[in-house]
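Residue numbers (the UniProt record's numbering): 1 to 230.
Structure, rendered in structure tokens:
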């Protein structure tokens, strides 16, 4: 919902304070489920997958290729483990200490829950897995044709990025649940206002021009008739 000229107002939903509690519960549930899935699948991969003989699924569409990744998501930026560890810790603290306090929208709760699960999942590997604390290598084991090897945490981060893009860019919804008009909506609203020709109790400029022209034509006809009578 918005005003005539596109200024933003909140949607006709409950107040932000009432929505914060369920949003936070949803955030926690998504984050914990995502983190549990990431941890359990990594443990299964380490225990049962042979890097020299990776099994294939779905006719070769998915290959379970176990590797140890010292870089970021999708095996990018190897040999910068400590850098990614620090960045991941900073991102996680920012979400938990700053963004979580402002969440009052279920979509944002899911997005930030996925982001937290992904960041925390790979951060846990970097802190606790070999070769050393805070220099650990992330367990990756899912491979698609012509694509990098990744894990559940990477999928969570990717899903979070896609959802954040939709909410922030295409839907224009804030963390607090306020929906602002998009550019297309503002332009449509301005066009509708500018193109209106009749407003209750008033005459539009176009109607005034028609009336003036009719008056001129009438005066000209009267002048012609007067000359004829003479």
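Just so it is clear, CB atoms sit at the ideal spot from N, CA and C, and this is done for glycine as well.
In this text the structure is predicted, and so the values were computed from the model without any measurement.
Shown here for residue 37: same chain residues with a beta carbon closer than 6 Å to its own, the five before and five after excluded, namely 152 in chain order.
Looking at 107, 109, 150 and 23, the one whose alpha-carbon comes closest to that of residue 65 is 150.
Per the DSSP secondary-structure output, residue 64 pairs in a beta bridge with 142. Going by beta carbons, residue 34 and residue 113 fall inside the 8 Å limit. Taking 8 Å as the upper bound for CB-CB distance, residue 122 and residue 88 are in contact here, some 7 Å apart. For the pair residue 94 and residue 126, the CB atoms are not nearer than the 8 Å cut-off. If you draw a straight line from the Cα of residue 99 to the Cα of residue 71, it is about 26 Å long. Assignment of residue 129 by DSSP, reduced to helix, strand and coil, places it in the coil class.
Look at residue 69 here: in three-state DSSP terms it is strand. Among the bridge pairs identified by DSSP, residue 56 is matched with 63.
Assigned with DSSP and collapsed to three states, residue 147 falls in coil, not helix or strand. If you draw a 10 Å sphere on the C-beta of residue 109, you find 16 or more other C-beta atoms in it, and that means buried.
In this structure residue 107 is not in contact with residue 160, their Cβ atoms being roughly 11 Å apart against a cut-off of 8 Å. Pairing residue 155 with residue 142, the inter-Cα distance amounts to about 10 Å.
By the Cβ-count criterion, residue 59 is exposed, with fewer than 16 other Cβ atoms from all chains shown falling within 10 Å of its own Cβ. Residue 86 carries a helical assignment under DSSP once its states are collapsed to helix, strand and coil. Contact annotation: residue 45 and residue 139 have beta-carbon atoms nearer than 8 Å.
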